[in-house]
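Novice: Residue numbers (mature numbering (1 follows the signal peptide of the UniProt record, and there is no 0)): -23 to -1, 1 to 145.
Pasting a structure here, questions to come.
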Amino acid sequence: MNLSRFCSALTLAALMTSGTALAAAQHEGMSGRDCRKAFFAAKRDGSLNGLAYKDFKASKCAIGGASKAETPKTKMNDTKKDAPNQAKDDNTRAETARAPIVNGSIVFPNKIDPKFASLTPGKARMKTCVMQYNANKENGGNGSLKWIQKGGGYWSQCNAHLKEFQGQ
């Protein structure tokens, strides 16, 4: 028996024999580290009876099935009066982050270029969009879009545009 197994067995024995310590831990809620140690000790011992860690944690480590980490969040949301308005602001920020800022006009192709028709639909759309993007660079038809950018660049919008026209 190596040292780590001996220490684990000793820890398990201490947990099993001291019912008051386990009851106190269940009453107060175990820390994540203690819960994980107890889970692996029970796993080695074979007393899990098929419980996954999530189920073990809910039944053995948490206060009334809710972990300590969840409890303060609930209390904080109950005491804040402006929480619903803040959620609306977060949604608005997320929408504005997704929508790219466009300056000028953008030119998209309306159909796949005939020289790419023999390729798979995805590659044909990509190559057609690349060809149009490069042509737009010369005459300013990309607006302020980059090829790929957060929230949808030229490639993303061109691909969606071609899919719409192709019915794919």
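Cβ coordinates follow ideal geometry from the N, Cα and C atoms, glycine included.
On a CA-only basis, which of N111, K100, D22 is nearest N136? Give me that one, please.
Specialist: The residue given as residue 136 occupies position 159 in the sequence shown. The shortest C-alpha separation from N136 is found at K100.
Novice: Tell me I83's beta-bridge partners as DSSP assigns them.
Specialist: In the sequence shown, counting from the first residue as 1, residue 83 sits at position 106. In DSSP, I83 forms a bridge with N119.
Novice: D90: which of N113, M7, A35, K104 sits nearest, CA to CA?
Specialist: Stepping through the sequence shown from its first residue, residue 90 is reached at position 113. Here the closest residue by C-alpha is K104.
Novice: Quick check on DSSP: helix, strand or coil for M103?
Specialist: The residue you call residue 103 lines up with position 126 of the sequence shown. Three-state result, M103: helix.
Novice: Cutting at 7 Å between CB atoms, please list the residues of its own chain near K88, excluding the five before and the five after it.
Specialist: Against the sequence shown, residue 88 aligns to sequence position 111. Here the set comprises F142.
Novice: So the candidates are S36, W124, G120; which of them puts its Cα closest to the Cα of M7?
Specialist: Here residue 7 refers to the residue found at position 30 of the sequence shown. Checked all of S36, W124, G120; the closest Cα to M7 is S36.
Novice: Would C12 and K31 be called neighbours here (beta carbons separated by less than 8 Å)?
Specialist: Translated into positions along the sequence shown, residue 12 becomes position 35. Translated into positions along the sequence shown, residue 31 becomes position 54. Their beta carbons are not under 8 Å apart, which means C12 does not touch K31 by this criterion.
Novice: Is it buried or exposed for A29, if we count other Cβ within 10 angstroms and need 16 for buried?
Specialist: Taking the sequence shown and counting its residues from 1, the one referred to as residue 29 is at position 52. By the neighbour-count rule (16 or more Cβ atoms within 10 Å), A29 is not buried but exposed.
Novice: Can you list, in chain order, the residues of its chain whose CB lies under 6 Å from that of F85, leaving out five sequence neighbours each side?
Specialist: Numbered from its first residue, the sequence shown carries residue 85 at position 108. For F85, where only same-chain residues beyond five positions count, the Cβ hits under 6 Å are C135, H138.
Novice: Buried or exposed: A94, going by 16 or more other Cβ atoms within 10 Å of its Cβ?
Specialist: Here residue 94 refers to the residue found at position 117 when the sequence shown is read from its first residue. Classification for A94: exposed.
Novice: How is the alpha helix (DSSP H) around F16 delimited, first residue to last?
Specialist: Within the sequence shown, residue 16 is the residue found at index 39, counting from 1. Taken as a continuous stretch (DSSP letters only), the alpha helix (DSSP H) holding F16 covers 9 to 22.
Novice: Would you give the residue range spanned by the alpha helix (DSSP H) that D32 belongs to?
Specialist: Counted from its first residue, the sequence shown places residue 32 at position 55. Taken as a continuous stretch (DSSP letters only), the alpha helix (DSSP H) holding D32 covers 30 to 33.
Novice: What's the C-alpha gap between T97 and K140?
Specialist: Here the question's residue 97 lines up with position 120 in the sequence shown. Here the question's residue 140 lines up with position 163 in the sequence shown. Whole-angstrom Cα-Cα distance: 13 Å.
Novice: Given a cut-off of 8 Å, decide if N111 and I83 are closer than it, judged by their beta-carbon atoms.
Specialist: For this step, residue 83 is matched to residue 106 along the sequence shown. For this step, residue 111 is matched to residue 134 along the sequence shown. No.
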